[in-house]
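Trainee:
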Amino acid sequence: MLRATAFLIVISCDMLLHIFCLVIFAKSSKLRTSRFHKLVLNLSISDTLFLTEIIIFNRLSSSVSRFDEPFSYACLSLTGVTSGTYMFSLYQCFLVCLERLNATFLTDRQSLRRLTSNIGIICGCIACHLVSVLQIVIDVLRFNTHATWCDIGTTTDFVDIIMRVPVGILCVLIVVIYTITLIRIYKKQDNNRAHANDNIFNLANTTKKAFKTVGLVVLVTLTANVPSCFVGIYSVLIGQSEDIIRWLYYCNTLILLNPLLDPIIYVFCIKDFRDQINKILWRRNAIQPLNNPYAMEMVEV
14 MLRATAFLIV ISCDMLLHIF CLVIFAKSSK LRTSRFHKLV LNLSISDTLF LTEIIIFNRL
74 SSSVSRFDEP FSYACLSLTG VTSGTYMFSL YQCFLVCLER LNATFLTDRQ SLRRLTSNIG
134 IICGCIACHL VSVLQIVIDV LRFNTHATWC DIGTTTDFVD IIMRVPVGIL CVLIVVIYTI
194 TLIRIYKKQD NNRAHANDNI FNLANTTKKA FKTVGLVVLV TLTANVPSCF VGIYSVLIGQ
254 SEDIIRWLYY CNTLILLNPL LDPIIYVFCI KDFRDQINKI LWRRNAIQPL NNPYAMEMVE
314 V
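Going by this note's numbering, the letters in the sequence shown line up with residues 14 to 314, in that order.
#1: Look at PHE101 and CYS141 and say whether their C-beta atoms are less than 8 Å apart.
#2: Can you give the beta carbon distance from ASP285 to SER41, rounded, assuming they're within the 8 Å contact cut?
#3: Give the DSSP-derived three-state secondary structure of SER42 in the structure shown.
#4: Looking only at its chain, what residues have a beta carbon closer than 7 Å to the beta carbon of LEU114, apart from the 5 residues adjacent to it on each side?
#5: Taking 8 Å as the threshold (C-beta atoms), are ILE149 and LEU89 in contact?
#6: Scan the region 98-132 and note each continuous alpha helix (DSSP H) run of 4 residues or more that stays entirely inside, going in chain order.
#7: At a Cβ threshold of 8 Å, is PHE243 touching chain D?
#8: Enumerate in chain order the residues of its own chain whose CB-to-CB distance from CYS138 is below 7 Å, with the five nearest sequence positions on each side excluded.
#9: Would you grab the beta carbon distance between GLU66 and VAL94 for me? Rounded to a whole angstrom, and I think it's under 8 Å.
#10: Could you pull out every residue in the same chain whose Cβ sits closer than 8 Å to the Cβ of LEU235, ignoring the five residues on either side in sequence?
#11: Smallest Cα separation from ILE68: which of LEU56, SER145, ASP27 and PHE118?
#12: Count the other CB atoms, across all protein chains shown, that sit within 10 Å of the CB of ARG177; report buried if there are 16 or more and exposed otherwise.
#13: Would you say the beta carbon of PHE243 is closer than 7 Å to some non-hydrogen atom of the ligand GTP?
#14: Look up SER248 in the DSSP assignment and say whether it is helix, strand or coil.
#15: State yes or no: is the C-beta of THR129 within less than 8 Å of the C-beta of LEU103?
#16: Does the Cβ-Cβ distance between PRO240 and LEU30 come in under 8 Å?
#17: Tell whether a beta-carbon distance below 8 Å holds between LEU91 and PHE63.
#18: Would ILE278 and THR226 qualify as a contact pair, given that the criterion is a beta-carbon distance under 8 Å?
#19: When burial is assigned at 16 or more other CB atoms within 10 Å of the CB, is VAL233 buried or exposed?
#20: Just how far apart, CA to CA, sit PHE38 and ILE293?
#21: Put LEU269 into one of helix, strand or coil per three-state DSSP.
#22: Just mark ILE251 as buried or exposed, buried being the case when its beta carbon has 16 or more other beta carbons within 10 Å.
#23: Report back the beta-carbon spacing between SER59 and LEU35 to the nearest angstrom; my notes put them in contact at under 8 Å.
#24: To the nearest angstrom, how far is the alpha carbon of THR120 from that of ILE196?
#25: Determine the direct distance from the alpha carbon of GLN123 to that of ALA357, and round the result to whole angstroms.
#26: Output the distance between the C-alpha atoms of GLN105 and ILE257, rounded to the nearest integer angstrom.
#27: Comparing alpha-carbon positions, which option in LEU274, SER145, LEU54 and GLY97 lies nearest VAL109?
#28: Going by beta-carbon coordinates alone, are VAL153 and GLY97 separated by less than 8 Å?
#29: For ARG72 and THR18, I'd like the C-alpha separation in whole angstroms.
#30: Measure the alpha-carbon distance for LEU269 versus LYS201 and round it to whole angstroms.
#31: Distance, Cα to Cα, SER25 vs PRO272?
Printed below as a string of structure tokens:
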């Protein structure tokens, strides 16, 4: 009980931090106009939804009766929706990498621009949640009882493969795109040294700073998802044992690293984000002296 309460407190605090980040993004016109920052904003929204669904599922699974059919169906549906949101967050991390790759070209590549456009994001969201709907349908057809639908560990092997394979493919694509972008940035850096130009130099510095942010996001994403993916597929191919089930639990807990650490990455790595926070804090500090009676007397004088 104490562990569950601590878990809910941590998740709730992190969700509030995500909401604060969303407010910061919404108030800054500079952040809103950047395509990279828009994708980061969408990723933060997806992380917030994922944390909300985790909290709802946690409360639902702790209060549901084993023989309460409506609540069991609600648990089943929420499990599928949460899986879709989790996969969509990973897909958006892939889009952030594509946006950084597109920034290494002198002119935008239309194919990459279409993938990172609003239409591309919507199509990705629909595709990820279609997979989760397929998961729900298979669970309903293959389970003979609904008594354990609120237990995350009671999915069929086929459903586990449906979820793990796309996640594994996305992780591989993220690594490939990140590596290609890294190679292109360092090649550009060598070319810029031969052709010194202030504008090109500033653009290269901006690209490198943004790339560091993407690097941290990718590192956290892979740390959170790769172990879960490998252990999940291994359990399907070899079979489940007590040790594998325990490792699955630990690996699934790692998935929370992404939404937990993303806001911290924004604060420390995105300068415009920090500037917006300083601007808000400076405004509050500038307003506070007016509430001081001594300050009011000085203003009147």
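Just so it is clear, CB atoms sit at the ideal spot from N, CA and C, and this is done for glycine as well.
From a predicted model like this one, the values you see are computed outputs, not experimental measurements.
Mentor: Let's see:
#1: yes
#2: 7 Å
#3: helix
#4: LEU125, ILE190, ILE193 and THR194
#5: yes
#6: 123-128
#7: The structure shown contains no chain D, having only a single protein chain.
#8: PHE101
#9: 6 Å
#10: CYS184, ILE187 and VAL188
#11: ASP27
#12: buried
#13: This structure does not include the ligand GTP; it has no bound ligands of any sort.
#14: helix
#15: no
#16: no
#17: no
#18: yes
#19: buried
#20: 12 Å
#21: coil
#22: exposed
#23: About 11 Å separates the two Cβ atoms, so there is no contact after all.
#24: 18 Å
#25: Since the first and last residues shown for the chain are 14 and 314, residue 357 lies out of range.
#26: 29 Å
#27: LEU54
#28: no
#29: 10 Å
#30: 36 Å
#31: 11 Å
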